[in-house]
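Protein chains: 2
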Amino acid sequence: MQKNFERLASDRHSKARRGSLTTAHGEIDTPAFMPVGTQGSVKGVSPRELRELTAQIVLGNTYHLFVRPGLDVIKHFGGLHNFMSWDGPILTDSGGYQIFSLAKLRKITEEGVEFQNHIDGARAFISPEIAMEIQLLLGSDITMTLDECVSYPCEYDYAAQSAEMTTRWAKRCADWKRQNEETAKRGLADSMLFGIVQGATFEDLRKESAQAIVDIDFDGYAIGGVSVGEPQEEMMRAVECAEPFLPGDKPRYAMGLGTPPQLLELIARGMDMFDCVLPTRLARNGTAFTAAGTLNLKNAEFILDKNPIEGNCTCEACRGFSRGYIRHLIKAEEILGLRLITLHNLHFYLNLMKQARTEIEKGTFDQFRKAFVTEYKTRDAVAVE
Amino acid sequence: MQKNFERLASDRHSKARRGSLTTAHGEIDTPAFMPVGTQGSVKGVSPRELRELTAQIVLGNTYHLFVRPGLDVIKHFGGLHNFMSWDGPILTDSGGYQIFSLAKLRKITEEGVEFQNHIDGARAFISPEIAMEIQLLLGSDITMTLDECVSYPCEYDYAAQSAEMTTRWAKRCADWKRQNEETAKRGLADSMLFGIVQGATFEDLRKESAQAIVDIDFDGYAIGGVSVGEPQEEMMRAVECAEPFLPGDKPRYAMGLGTPPQLLELIARGMDMFDCVLPTRLARNGTAFTAAGTLNLKNAEFILDKNPIEGNCTCEACRGFSRGYIRHLIKAEEILGLRLITLHNLHFYLNLMKQARTEIEKGTFDQFRKAFVTEYKTRDAVAVE
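Taken in order, these protein sequences are the chains called A and B. Quick note, the numbering used here runs 35 ahead of the 1-based positions in the first sequence. Quick note, the numbering used here runs 35 ahead of the 1-based positions in the second sequence.
Structure, rendered in structure tokens:
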């Protein structure tokens with residue numbers, strides 16, 4: 036496989052890495068945050084705004100797009116990039132996570148998973164090969180192997196068998212892609228394929244899974260099953276167990292994570308890529324991220340507040356609008372309110388990654404991380420009271 | 036009063052006028068469409084987008100802002116312009132229309148109207164003087180007199196008495212503004228005051244009301260009570276009855292109207308300014324305006340449609356997105372869908388006014404109007420089938 040990932044700098048005090056990932060639709064500076072465009076749109080945000088926010092890649096959810104509008108539609112439009120008017124890189128998940136969290140009447144076999152979708156209940160079947168075919172048809176720049184994402188807590192025996200099946204599925208994905216890529220993508224750009232490490236909260240399973248997945252050889256590696264309700268210590272330990280097995284010259288993606296401090300902790304543990312719905316989901320509930328923790332802008336304390344969400348922030352919301360006005364919009368259920376908080380929150384996450392990259396380059400990432408985590412936790416605890 | 040309105044051109048075949056209205060926050064080219072910012076935000080749209088759409092003025096609803104966030108809040112922020120970060124002209128209504136359409140337990144007396152608001156049921160009282168005080172506190176560039184907007188159909192005797200009371204209220208507004216403006220506006224910019232003609236669907240009442248309101252002498256004149264469910268012929272007749280009494284050198288505002296063909300018909304009848312929730316409200320339901328009539332983008336016929344909403348349109352939605360994608364967004368309840376249609380619809384209305392201004396200047400407005408109305412109606416009828 037071609038060399039897609041370049042390591043530009045490494046932190047001396049942690050495993051943090053500064054890198055650059057090359058895709059068919061552009062470069063991605065890592066550590067990178069990927070806004071989530073579940074149904075072909077990052078909720079509340081236009082592609083132009085994503086560009087202005089300096090987002091370099093967005094995530095699409097294969098399951099959602101498979102269910103609605105359906106693959107025939109996206110194929111007709113020439114792939115997801117054309118459909119959603121986003122010409123930057125796209126990463127798609129395999130659909131596995133949503134099948135296991137949203138769909139009904141799942142039946143998992145070695146062959147694949149049968150389910151009824153949550154929209155109209157139609158039956159469907161996805162195998163590792165079908166997951167690959169779908170993602171190549173979507174035109175993803177980074178595709179993911181089909182995995183089973185077990186729930187938390189999970190019995191050891193089930194987790195072990197599931198992780199082994201996930202490995203066999205990963206192998207089938209890699210094989211299928213090698214044999215069918217040219218036909219499947221039908222003129223769309225070249226894609227990468229990332230393997231996913233599973234193993235629930237069991238250290239030996241995480242290690243075994245990481246070793247087995249790496250043995251297959253992928254363009255990058257993801258840690259899956261780490262945003263399923265487990266305590267933060269278990270999440271971090273799962274990453275720490277798998278990380279030493281992952282080759283240093285490939286990108287690492289911690290799936291579905293996390294809070295701002297968690298992202299910095301994961302970067303310190305050698306992770307490069309992140310996706311998370313928190314910035315967009317919390318925005319719709321009136322919650323904004325700041326370096327001092329989250330603010331619930333619905334609170335009465337903000338009624339007369341002329342300050343922007345965050346004083347030194349350069350996002351569109353903070354350049355033009357007060358907390359008091361945004362609070363009014365949220366209370367009055369005006370769309371502009373959630374739009375402004377969404378822009379701020381995405382800016383916050385993307386800017387945090389930018390800061391992390393700079394600090395790694397400067398060799399000061401570890402101090403930065405510690406100071407950020409302390410400041411964030413302290414004031415957040417105060418704000419919650 | 037100072038001269039705010041300049042007539043730049045007149046149509047030879049109709050009463051259409053091309054003019055320019057000067058306010059404390061900028062010029063307004065007439066005929067003008069004013070996007071409706073009910074609660075201090077044009078639904079779904081940011082002030083920056085309004086500028087890009089070339090909107091020159093927005094409307095604020097006094098009743099809504101009075102109820103939420105409340106006047107103390109807007110006063111604290113230094114007026115509505117500052118609060119909502121819109122530095123262009125703002126017209127506010129007096130609150131009358133919403134009191135009569137939204138509030139509960141109304142009690143109308145000569146003194147004013149007592150009501151319970153529709154949000155928390157709190158009791159409030161608004162008189163002509165209070166309506167002026169509120170609008171000056173909001174910092175409106177164009178304020179409106181308090182009027183009673185009767186429902187349709189309306190008994191002649193009630194309509195006659197109501198129109199007479201509206202005239203007395205208008206006189207009280209003008210008197211109060213003259214005596215209290217400097218104190219009330221507290222350093223905010225100078226405002227204009229428009230009187231409102233009422234009289235329901237009765238020709239003699241419309242004429243009497245117009246004459247009486249003009250006798251008071253306002254900066255501009257509005258036709259009220261014309262968007263309350265009456266047939267289009269009655270709407271047009273109400274305007275036609277009042278218009279000859281309105282001085283030619285003052286702007287005329289047809290309140291709460293209308294569809295695109297109606298706007299052109301009203302321009303032909305000497306109207307200069309319009310506000311209407313149709314472009315934003317219909318957008319939220321998936322309906323887009325085109326020169327060929329409205330399109331309901333929820334319809335299955337658009338699933339695979341790669342065309343923009345309107346082929347020759349230069350709006351942000353039509354420059355970048357297909358009908359098929361927007362349909363998907365609307366069906367999936369993605370906010371971007373209603374945002375894109377809202378941008379298109381506002382562009383359509385604003386561009387229609389721009390075309391009307393150009394056609395009046397060129398002396399070809401009448402042909403333009405006839406061709407537009409014919410094209411719009413024909414295809415709309417087809418689309419409805």
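Positions of the beta carbon are idealized from the N, C-alpha and C atoms, including for glycine. Because the structure is a prediction, the values reported are computed rather than measured.
Nearest to residue i by alpha carbon, out of the options?
| i | options | result |
| --- | --- | --- |
| V263/B | M306/B, P188/B, R213/B | P188/B |
| K50/B | T294/B, P296/B, E275/B | E275/B |
| R358/B | L373/B, R374/B, Y384/B, K341/B | K341/B |
| G130/B | T325/B, F160/B, L140/B | F160/B |
| H153/A | I63/A, L100/A, L171/A, Y256/A | L100/A |
| D64/B | K405/B, Q390/B, F400/B | Q390/B |
| F112/B | R221/B, D182/B, R47/B | R221/B |
| I248/A | K206/A, A90/A, R354/A | K206/A |
| A138/A | I169/A, D122/A, E164/A, Y98/A | Y98/A |
| I134/A | A90/A, E183/A, G114/A | E183/A |
| L313/A | I365/A, M290/A, F280/A, N380/A | N380/A |
| A335/B | V108/A, M270/A, E265/A | V108/A |
| M200/B | A219/B, S244/B, E396/B, I165/B | S244/B |
| E345/B | T315/B, R316/B, L378/B, I370/B | L378/B |
Taking Cβ to Cβ, would you say residue i is nearer than 8 Å to residue j?
| i | j | result |
| --- | --- | --- |
| G259/B | I231/B | yes |
| Y360/B | F118/A | yes |
| V77/B | V102/B | no |
| S55/B | I125/B | no |
| H363/A | P104/B | yes |
| A273/A | T236/A | yes |
| A224/A | A59/A | yes |
| T178/A | T127/A | yes |
| Y384/A | P296/A | no |
| K212/B | L172/B | no |
| L228/B | A318/B | no |
| A277/B | K242/B | yes |
| L240/A | A195/A | yes |
Kindly identify the DSSP beta-bridge partner or partners of residue i.
| i | result |
| --- | --- |
| N331/B | T322/B |
| V232/B | I258/B |
| A90/A | The partner list for A90/A (beta bridge, DSSP) is empty, contrary to what the question assumes. |
| F280/A | Per DSSP, none; premise fails for F280/A. |
| R53/A | A44/A |
| T127/A | G95/A |
| K139/B | Q151/B |
| R287/B | Y256/B |
| D310/B | M69/B |
| G61/A | T58/A |
Using a beta-carbon distance below 8 Å, is residue i in contact with chain B?
| i | result |
| --- | --- |
| V274/A | no |
| V108/A | yes |
| L94/A | no |
| F112/A | yes |
| M36/A | Summary for M36/A: the model assigns pLDDT 48, below 50, so the residue's position carries little reliability, and this model does not support an answer. |
| H48/A | no |
| R316/A | no |
| I376/A | no |
| L339/A | yes |
| Y360/A | yes |
At a Cβ threshold of 8 Å, is residue i touching chain A?
| i | result |
| --- | --- |
| F118/B | yes |
| R213/B | no |
| R103/B | yes |
| S357/B | yes |
| Q133/B | no |
| H363/B | yes |
| G79/B | yes |
| S76/B | yes |
| A138/B | no |
| L171/B | no |
| I370/B | yes |
| A406/B | no |
| A367/B | yes |
| P165/B | Checking the sequence shown, residue 165/B turns out to be Ile, not Pro. No, I165/B lies away from the interface with chain A (no Cβ there is under 8 Å from its Cβ). |
| K142/B | no |
| I258/B | no |
Going along the chain, which unbroken runs of the alpha helix (DSSP H) with 4 or more residues stay wholly within the stretch 338-382 of chain A?
-> DSSP runs (the alpha helix (DSSP H)) wholly in the stretch 338-382 of chain A: 351-355, 358-366.
Could you tell me which uninterrupted alpha helix (DSSP H) segments, each at least 4 residues in length, are contained entirely in the stretch 151-210 of chain B, listed from first to last along the chain?
-> Assignment of alpha helix (DSSP H) within the stretch 151-210 of chain B, counting only whole runs of 4 or more residues, yields 163-173 in chain order.
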